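Novice: In terms of full-length UniProt numbering, the sequence shown has 258 at position 258, counting the first letter as 1, and numbering is strictly consecutive. Using N, Cα and C, we set each Cβ at its ideal position, and we do this for glycine too. Just so we're clear, the structure is a prediction, and the values are computed from it rather than from any experiment. Quick one: this structure, given as structure tokens, is what I'll be asking you about.
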Amino acid sequence: MKKHYIFKLLLLLIPVSAFLLMSSSGGRSDARSGSPGDGGATCAACHSGGNFNASAIITSNIPTTGYLLNTDYTININTTSSSSAHGFQLTAENNSNAKIGAFTAGSGSRTVNSSKAITHSFPSTSGDWSFTWRSPSTDLGNVTFYTAVNATNGNGNAFDGGDQVITASTSSPSLSISEAKRLKFDLYPNPAIENLNIQLPNGTNKALVQFYNYTGKLVLTNNITELNSKINVSNLSKGIYILKVVSEDKIGSQKFMKY
Numbered sequence: 001m002k003k004h005y006i007f008k009l010l011l012l013l014i015p016v017s018a019f020l021l022m023s024s025s026g027g028r029s030d031a032r033s034g035s036p037g038d039g040g041a042t043c044a045a046c047h048s049g050g051n052f053n054a055s056a057i058i059t060s061n062i063p064t065t066g067y068l069l070n071t072d073y074t075i076n077i078n079t080t081s082s083s084s085a086h087g088f089q090l091t092a093e094n095n096s097n098a099k100i101g102a103f104t105a106g107s108g109s110r111t112v113n114s115s116k117a118i119t120h121s122f123p124s125t126s127g128d129w130s131f132t133w134r135s136p137s138t139d140l141g142n143v144t145f146y147t148a149v150n151a152t153n154g155n156g157n158a159f160d161g162g163d164q165v166i167t168a169s170t171s172s173p174s175l176s177i178s179e180a181k182r183l184k185f186d187l188y189p190n191p192a193i194e195n196l197n198i199q200l201p202n203g204t205n206k207a208l209v210q211f212y213n214y215t216g217k218l219v220l221t222n223n224i225t226e227l228n229s230k231i232n233v234s235n236l237s238k239g240i241y242i243l244k245v246v247s248e249d250k251i252g253s254q255k256f257m258k259y
């Protein structure tokens, strides 16, 4: 009789296990990014034992100078491995391990935990994803993006010891500036094709102007004065730039579009 009940229990567990595996193929909704705020949890408790020589990096178009408040940025995960099926979860936290900002899903991804994290919506052959992170509207300090990527053997069995979980992280400072240190300026025309004019506020005689592209790379530097505020931008590639203007102890920044 006891063996009969055990057999029935095993039959009951089969569809439950199958459901759990299928739901994981569309990403986990619990905290599995490997971040400090998630307690370092990943999917390695089930998916482990394999070796696909996997590695992953997180990149973004947040300038090296830092992120602006209430601004959308593109976040990318790029994986290198010999696996043909990958999944992930990613979140953003400040130095206090609090979740900051909000995510908007891209192709092959979906948001979880009230848009404070993002995961795959179906397995990816490449292990590459792109999506949007909106920075917080108030200064919450530096942001660190944490991700756990699962490189699997694609057989649908999380417990066979044939998968590999890896983690990655990257940090960016906040560009929030106190009102006393903020340099207010105007720029025109915006967009511009050839020349861009920077109008400095009264009392500011000179400034350093820096252009950062979508990867955060400094691509152009120019010194301007109150009397000579025109910058030739004709050699810049078309696209969106973050313009940083520095004068003495004050800093200002704006978006600029090059046509």
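For PRO189, is the classification buried or exposed, using 16 other Cβ atoms within 10 angstroms of its Cβ as the cut-off for buried?
Specialist: exposed
Novice: Around the Cβ of ASP72, are there at least 16 other Cβ atoms within 10 angstroms (buried) or fewer (exposed)?
Specialist: exposed
Novice: Please go through the same chain and pick out, in chain order, the residues whose beta-carbon is closer than 6 Å to the beta-carbon of ASP38, but skip the five residues on each side of it.
Specialist: ALA31
Novice: With C-beta atoms as the reference, is ALA117 less than 9 Å away from THR79?
Specialist: no
Novice: Please list the terminal residues of the continuous beta strand (DSSP E) segment that includes GLY252.
Specialist: 250-258
Novice: Taking its Cβ as the centre, do 16 or more other Cβ atoms sit within 10 Å of ASP249, making it buried, or is it exposed?
Specialist: exposed
Novice: Runs of 4 residues minimum, wholly inside the UniProt domain "Reelin" (64-150): which ones carry the alpha helix (DSSP H) assignment?
Specialist: none
Novice: Do the CB positions of GLY49 and GLY40 come within less than 9 Å of each other?
Specialist: no
Novice: Can the beta-carbon of HIS86 be found less than 9 Å from the beta-carbon of PRO123?
Specialist: yes
Novice: Please name the residue, chosen from TYR146, PRO191, ASP163, that lies closest to THR152 on a Cα-to-Cα basis.
Specialist: ASP163
Novice: Output the residue ranges of the beta strand (DSSP E) runs that lie fully inside the segment 172-201 and measure 3 residues or longer, sorted by chain position.
Specialist: Runs of the beta strand (DSSP E) lying entirely within the segment 172-201 and spanning at least 3 residues, in chain order: 186-188, 195-199.
Novice: Taking C-beta to C-beta, are THR147 and ALA56 nearer than 9 Å?
Specialist: yes
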